[in-house]
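Under numbering that gives the first Met the number 0, residues 0 to 432 are what the sequence shown spells out, in order.
Here a beta-carbon is modelled for each residue, glycine too, at the ideal position from N, C-alpha and C.
Small disclaimer: the values here were computed from a predicted structure and weren't measured.
One structure is given here, and the rest of the page talks about it.
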Amino acid sequence: MNNELKFAEELIDFLYESPTAFHAVESIKKVLDENDFEELKEENRWNIKHEGKYYVTKNQSALIAFVIGKGDVGDNGFKIVGAHTDSPTFRIKPNPEIMVEDNYVKLNTEVYGGPILSTWFDRPLSIAGRVTLKSENPLNPNNQLININKPILIIPNIAIHMNREVNDGFKINRQKDTLPLISLVNDKLEKGKYLLNLLAQELKVNMDDIIDFDLFLYEYEKGTIMGLNNEFISMGRQDDLSMVHAGIKALINSKINMATNVMVCFDNEEVGSSTKQGGDSNLLVNILERIALCLGEDKEDFFRAIAKSFMISADLAHALHPNYIEKNDPTVKCFINKGPVIKINANQAYTSDSDSIAVYEQICRRAKVPVQKFVNRSDLRGGSTIGPISSTHLPIRSIDIGNPVFSMHSIRELGGVLDHMYILKSFEEYYNL
């Protein structure tokens, strides 16, 4: 197996082990621990040193890892890669069980982010997330991660015989049409306690100890390498865990230079980033300032560092779709397996400008990685990223880039095997500067 395929298989394993943002952070922590990174706690005093490797988490769903350079922070600044741990899905509501005609049990859910809803129908689904248990100290409840890791849910389509217009366009009602079936009614189980009973059994706790949960649906079936020449990666949550995976790998692989290398993995980008662990918080700026202060530098040195820093905001991009060529800009097009994409928008939905574009293009040239550019059609509104949001808190030079994919926000996205290796090489070159 060549290096590109091996690295793509590693991504698929990482994605499968990371069905939620909580599990993504747990997966990252495992890799960092294996590579001699030290976990820091926000509530503790930090004893950090030059050339040390550290990470800190927030809410169990966001993580910042950093390798302190040989030089002073004020003189050398930070080299940052930013991505996010969350993906569009369905969140399970409180008191979720709905009994239908005393025969079926389905779960009440709420859409998280902007998934392509139709792709979630007729697929084996499972549940993962965080369950919060009672503790002796009410201010510090006991949080346990959970992954049922077997197919227990499905959102069944209605037969075409009962909806003859389904292939002509069917408006999906999020409250009615997307509720997953979990079971037939079982007289041995207490009504309203099907899910709680499952959680208690999985965690080996009493049902009464469960206070609340943050639970999400995910596709049970694992992704795959596919295509005539094994050129594609087919799996959900590539947006944006593929950038997390490549960024963490690059941070581990890179050598220690004068500047401090940082990989930030925010949560909640898909719903606007306005959380304590999101890009629209002071999480990153606080951690960067704390690094400077703990190394004996002052506020003035921190401001100097910011002026000398650079950030790569890494999120996925749209490849030209072979069935929808007209949806792309007429002159600026990008393709799967042709390299990372620089994302540009006149209205600042992305942070890229000529200065930051030149930086990343030169990095890619040094790494011998092809690079592409993307703009939206002028009559179509695109998405945004953590880049512009983070820049309002941290005024440093920044660029928005990402690998090109099809079916973004589908339950199963399609990316490129070569592209995942290309993005890794570009991150490694950046960190090694």
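For a cut-off of 8 Å, the C-beta gap from M234 to G222 is around 2 Å, short enough to register as a contact. In this structure, S273 places its C-beta atom within 7 Å of the C-beta atom of D279. Pairing F77 with L287 gives a Cβ-Cβ distance under 7 Å. With respect to Y359, I335 sits apart: the two C-beta atoms are not nearer than 7 Å. Here the alpha carbons of E8 and T118 stand approximately 23 Å from one another. Between V24 and M161, the alpha-carbon positions lie close to 44 Å from each other. Distance from the CA of C293 to the CA of W45, rounded to the nearest whole angstrom, comes to 7 Å. Counting along the chain, E8 sits inside the alpha helix (DSSP H) bounded by residues 2-15.
Straight-line spacing of the CA atoms in Q361 and K52 works out to 27 Å. Here V243 carries a helix assignment [DSSP, helix/strand/coil]. The C-alpha of S308 lies about 26 Å from the C-alpha of D418.
According to DSSP, residue pairing for P403 in a beta bridge involves A316. When secondary structure is reduced to three states using DSSP, A348 falls in the coil class, being assigned neither helix nor strand. Within the stretch 368-417, the complete beta strand (DSSP E) segments of 3 residues or longer fall at 371-373, 396-401, 412-415, listed in chain order. Inter-segment contact for the stretch 254-265 and the stretch 66-74 is present: three or more beta-carbon pairs are separated by less than 8 Å. The beta carbons of L195 and M206 sit closer together than 7 Å.
Contact between the stretch 360-380 and the stretch 330-344 is present: three or more C-beta pairs spanning the two stretches fall below 8 Å. When only Cα atoms are considered, E16 and M225 end up about 20 Å apart. Between L202 and Q143, the gap from beta carbon to beta carbon is short of 7 Å.
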